[in-house]
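Data first, discussion second: the structure below is written as structure tokens.
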Amino acid sequence: MKLFDVYPLWNIEPVKGEGCHIWDKEGNEYIDLYGGHAVISIGHCHPTYCSMLKEQTDKLGFYSNAVQNGLQKELAEKLGQVCGYPDYDLFLCNSGAEANENAFKLASFHTGRKRILAIGKAFHGRTSGAVEATDNPKIQAEFNKNKNVTFVPLNDLEAAVKELATEQYAALIIEGIQGVAGIFVPDSDYLKGLRKACTESGTILILDEIQSGYGRTGKFFAHQHSGIEADIITTAKGIGNGFPMAGVIISPKIKAVYGMLGTTFGGNHLACTAALAVLKVMQDENLMENATAIGEYLIEKLQGNRAIKELRGKGLMIGIELNEGFSDLRNRLLFEKHIFTGGAGANVIRLLPPLCITKEIADKFIEAFNELSNI
7 MKLFDVYPLW NIEPVKGEGC HIWDKEGNEY IDLYGGHAVI SIGHCHPTYC SMLKEQTDKL
67 GFYSNAVQNG LQKELAEKLG QVCGYPDYDL FLCNSGAEAN ENAFKLASFH TGRKRILAIG
127 KAFHGRTSGA VEATDNPKIQ AEFNKNKNVT FVPLNDLEAA VKELATEQYA ALIIEGIQGV
187 AGIFVPDSDY LKGLRKACTE SGTILILDEI QSGYGRTGKF FAHQHSGIEA DIITTAKGIG
247 NGFPMAGVII SPKIKAVYGM LGTTFGGNHL ACTAALAVLK VMQDENLMEN ATAIGEYLIE
307 KLQGNRAIKE LRGKGLMIGI ELNEGFSDLR NRLLFEKHIF TGGAGANVIR LLPPLCITKE
367 IADKFIEAFN ELSNI
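Residue numbering for the sequence shown follows my numbering, starting at 7 and increasing by one per position.
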């Protein structure tokens, strides 16, 4: 048997990590400014994280959701306090796509409607409902094309309000910041307008904070920069710092019924321990404040580079759109300077580093970027 060949892989195999650094099996050291798709929130192999997971492994790794699990209750209480939604409920699952699937299901249960309004260039996952709400027909099979989703352009409030006024939508889903599309930020007034239109039409407002959440933008969730509240928030990636985990944060107006949602592995003992460790380190080390400071520093220092067409983002979620002739910069950063970054199409470099990144590491990236672009 061999692996199903669906990933284009770099010829690099990381075997060790620490903070914002990883090492491959040949012993080469790399700076990690991508965090494995924004997953590594507190840094690789943080000692608190490793210690808490080992301690829990020595006690109990797993039991199903048929029994009480005090770690789930502890996590729900602490997450509610830290994220600013203390009166909301939490459903734990395993991945971002699964979180979005459950969010759609909850919205449909609550409203009795079946359609979803989504945003152009959105990415919400690859499972059946999530991929239909993802604006990329190339990854949608015929099975996924149920015609239950309408797309409207980002920051076009008039188009969204017109659709919502038909009162046919169970939910509107929008990313706190569009990640896969290339780091596009919703305008604050646009989000406020969506909130008002959803309330008036009885539509559930879902904020997909899977990539943009968990302190990455300097607020716990990116939509909080606009001062709005969502009805449902989906989160994953940084919640477990590498342990597969996700959550659906649910308004108290949406009532639970036994059996409406379920999961075998969601919220297991190790997953909850990982998530509790992440919250502890984020608070103890002021990582949200660090995300703001280092993010602003990176954008300031990159301004004026002739390779850059546009800089976008907030905190440590930064998109660097390149001018023509510089599309090889990402590969050169990796293979010549040993710096991992992300991509979005041919011309956007995504920076999604661990939130513990230091100014010294930022300076190494800026120096390498300027050198390779001949500044």
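Every residue gets a Cβ at the ideal spot worked out from N, C-alpha and C, and that includes glycine.
For this session: From the DSSP output, read off the bridge partner residues of Met2.
Result: Because the chain in this structure spans residues 7 to 381, residue 2 falls outside the shown range and cannot be described.
Problem set entry | Other residues of its chain near Ile183: CB distance less than 8 Å, five sequence neighbours each side excluded | Stepping through the sequence shown from its first residue, residue 183 is reached at position 177. The residues are Ile189, Phe190, Val191, Pro192, Gln217, Ser218, Thr223, Ala228, Gly319, Lys320 and Met323.
Exercise. If we count Cβ pairs, one from each stretch, closer than 8 Å, do we get three or more for the segment 244-259 versus the segment 95-115?
Worked result: Segments in contact, yes.
Exercise. Can you tell which of Leu285, Ala82, Lys307 and Thr270 has the C-alpha that lies nearest to the C-alpha of Asn376?
Worked result: The residue labelled residue 376 in the question sits at position 370 within the sequence shown. Out of Leu285, Ala82, Lys307 and Thr270, Lys307 has the C-alpha closest to the C-alpha of Asn376.
For this session: Check whether the segment 116-124 touches the segment 146-160, taking contact to mean three or more Cβ pairs, one atom from each stretch, closer than 8 Å.
Result: Look at the beta carbons and you see the segment 116-124 touching the segment 146-160: at least three pairs across the two are nearer than 8 Å.
Problem set entry | Rounded straight-line distance, which links the Cα of Asp30 to that of Asp11 | By 1-based counting over the sequence shown, the position of residue 11 is 5. By 1-based counting over the sequence shown, the position of residue 30 is 24. Their Cα atoms are separated by approximately 22 Å.
Exercise. Any idea what DSSP makes of Asp369, helix, strand or coil?
Worked result: Taking the first residue of the sequence shown as position 1, residue 369 is located at position 363. Asp369 falls in the helix class under three-state DSSP.
Problem set entry | Whole beta strand (DSSP E) elements within the segment 65-147, 3-residue minimum | The segment 65-147 contains, as complete beta strand (DSSP E) runs of 3+ residues, the segments 95-99 and 121-125 (chain order).
Exercise. Run through DSSP, which three-state label would Ile245 get?
Worked result: Working through the sequence shown from its first residue, we reach residue 245 at position 239. In the three-state reduction of the DSSP assignment, Ile245 falls in the helix class, which pools H, G and I.
Exercise. Cα-Cα, which of Ala136, Ala147 and Asn337 is closest to Ala177?
Worked result: Within the sequence shown, residue 177 is the residue found at index 171, counting from 1. Measuring from the Cα of Ala177, the nearest candidate turns out to be Ala136.
Problem set entry | CB-CB length for Ile345 against Ala374, believed under 8 Å | The residue labelled residue 345 in the question sits at position 339 within the sequence shown. The residue labelled residue 374 in the question sits at position 368 within the sequence shown. At roughly 6 Å, the Cβ-Cβ gap stays under 8 Å, so Ile345 and Ala374 are in contact.
Problem set entry | Burial state of Met251 (16 or more Cβ within 10 Å) | The residue given as residue 251 occupies position 245 in the sequence shown. Counting Cβ neighbours within 10 Å, Met251 comes out buried, since at least 16 surround it.
Problem set entry | the segment 231-247 contacting the segment 40-52, beta-carbon criterion three pairs below 8 Å | Contact between the segment 231-247 and the segment 40-52 is established, with three or more Cβ pairs separated by less than 8 Å.
Exercise. If you run the structure through DSSP and keep just helix, strand and coil, what is Tyr196?
Worked result: If you number the sequence shown from 1, residue 196 lands on position 190. The DSSP-derived three-state label of Tyr196 is helix.
For this session: Please say whether Leu304 and Ala368 have beta carbons closer to each other than 8 Å?
Result: As a first step, residue 368 is located in the sequence shown; it is residue number 362 there, counting from the start. As a first step, residue 304 is located in the sequence shown; it is residue number 298 there, counting from the start. Yes.
Exercise. Which of the three DSSP states, helix, strand or coil, is assigned to Ile234?
Worked result: Here residue 234 is taken as the residue at index 228 of the sequence shown, counted from 1. Correct three-state label for Ile234: coil.
Exercise. Using DSSP with H/G/I as helix, E/B as strand and the rest coil, what is Thr54?
Worked result: On the sequence shown, position 48 is the one that residue 54 refers to. DSSP places Thr54 in helix when its eight states are reduced to three.
Exercise. Taking all protein chains shown into account, do 16 or more other C-beta atoms lie within 10 angstroms of the C-beta of Ala103, making it buried, or fewer, making it exposed?
Worked result: Within the sequence shown, residue 103 is the residue found at index 97, counting from 1. Ala103 is buried by the Cβ-count criterion.
Exercise. So, helix, strand or coil for Tyr36, using DSSP?
Worked result: The count along the sequence shown starts at 1 and reaches residue 36 at position 30. Tyr36 falls in the strand class under three-state DSSP.
Exercise. Bridge partners of Glu24, per DSSP?
Worked result: The residue given as residue 24 occupies position 18 in the sequence shown. Under DSSP, Glu24 takes part in a beta bridge, and its partners are His27.
Exercise. Any idea which residues DSSP pairs Thr240 with across the strands?
Worked result: Residue 240 sits at position 234 when you count from the first residue of the sequence shown. According to DSSP, which records beta bridges pairwise, Thr240 is partnered with Asp214 and Val254.
For this session: Report the residue from Gly25, Glu366 and Asn71 whose alpha carbon sits nearest the alpha carbon of Gly248.
Result: One-based indexing of the sequence shown puts residue 248 at position 242. With distances taken between CA atoms, Gly248 lies nearest to Gly25 out of Gly25, Glu366 and Asn71.
Exercise. Leaving out five residues before and five after Cys51 in sequence, what residues of the same chain have Cβ atoms less than 6 Å from its Cβ?
Worked result: Residue 51 sits at position 45 when you count from the first residue of the sequence shown. The beta carbon of Cys51 sits closer than 6 Å to the beta carbons of Gly23 and Glu24 from its chain, once the five residues preceding and following it are set aside; these are given in chain order.
Problem set entry | Backbone secondary structure at Leu357 - three-state DSSP | If you number the sequence shown from 1, residue 357 lands on position 351. Looking at Leu357 - three-state DSSP - the assignment turns out to be strand.
Problem set entry | Burial state of Asn75, where buried means 16 or more other Cβ atoms lie within 10 Å | Taking the first residue of the sequence shown as position 1, residue 75 is located at position 69. Buried, since its Cβ has 16 or more Cβ neighbours within 10 Å.
For this session: Kindly identify the DSSP beta-bridge partner or partners of Val155.
Result: Reading the sequence shown from its first residue, position 149 is the one you call residue 155. In DSSP, Val155 forms a bridge with Ile122.
Exercise. For the putative contact between Ile179 and His130, defined by C-beta atoms under 8 Å, what is the C-beta separation to the nearest angstrom?
Worked result: Residue numbering aside, residue 179 sits at position 173 when the sequence shown is read from its first letter. Residue numbering aside, residue 130 sits at position 124 when the sequence shown is read from its first letter. Their Cβ separation, rounded to whole angstroms, is 6 Å, which keeps Ile179 and His130 in contact under 8 Å.
Problem set entry | Closest Cα partner of Ile326 within the set Gly348, Glu215, Phe341 and Lys343 | Counted from its first residue, the sequence shown places residue 326 at position 320. Of the listed residues, the one whose Cα sits closest to Ile326 is Gly348.
Exercise. Under a three-way DSSP split, which group does Leu267 fall into?
Worked result: For the purposes of this step, residue 267 is identified with residue 261 of the sequence shown, where counting begins at 1. Reduced to three states, the DSSP call for Leu267 is coil.
Problem set entry | Counterpart residues of Gly348 in DSSP-defined beta bridges | Residue mapping note: residue 348 aligns to position 342 of the sequence shown, counting from 1. Paired residue(s): Arg356.
Problem set entry | Backbone secondary structure at Leu308 - three-state DSSP | Position 302 of the sequence shown holds residue 308. Look at Leu308 here: in three-state DSSP terms it is helix.
For this session: Sort Leu112, Lys65 and Gly118 by Cα distance to Tyr264 and report the nearest one.
Result: Numbered from 1 along the sequence shown, position 258 holds the residue referred to as residue 264. Of Leu112, Lys65 and Gly118, the residue nearest in Cα terms is Leu112.
For this session: Keeping to the same chain, check which residues put their C-beta closer than 7 Å to that of Arg119; ignore five residues upstream and five downstream.
Result: Reading the sequence shown from its first residue, position 113 is the one you call residue 119. Cβ contact annotation for Arg119 (same chain, cutoff 7 Å, sequence separation greater than five): Gln174, Tyr175 and Ala176, in chain order.
For this session: Please report the residue range of the beta strand (DSSP E) in which Leu178 lies.
Result: Stepping through the sequence shown from its first residue, residue 178 is reached at position 172. Element bounds for Leu178: Tyr175 to Glu181.
Problem set entry | Proximity winner among Cys204, Tyr220, Ile239 and Glu206, relative to Asp214 (alpha-carbon distances) | Reading the sequence shown from its first residue, position 208 is the one you call residue 214. Taking each of Cys204, Tyr220, Ile239 and Glu206 in turn and checking the Cα distance to Asp214, the smallest one comes out for Ile239.
Exercise. If we call anything under 8 Å between Cβ atoms a contact, is Leu163 one with Gly208?
Worked result: What you label residue 163 is simply residue 157 of the sequence shown in a count that begins at 1. What you label residue 208 is simply residue 202 of the sequence shown in a count that begins at 1. Cβ distance not < 8 Å, so Leu163 and Gly208 don't count as in contact.
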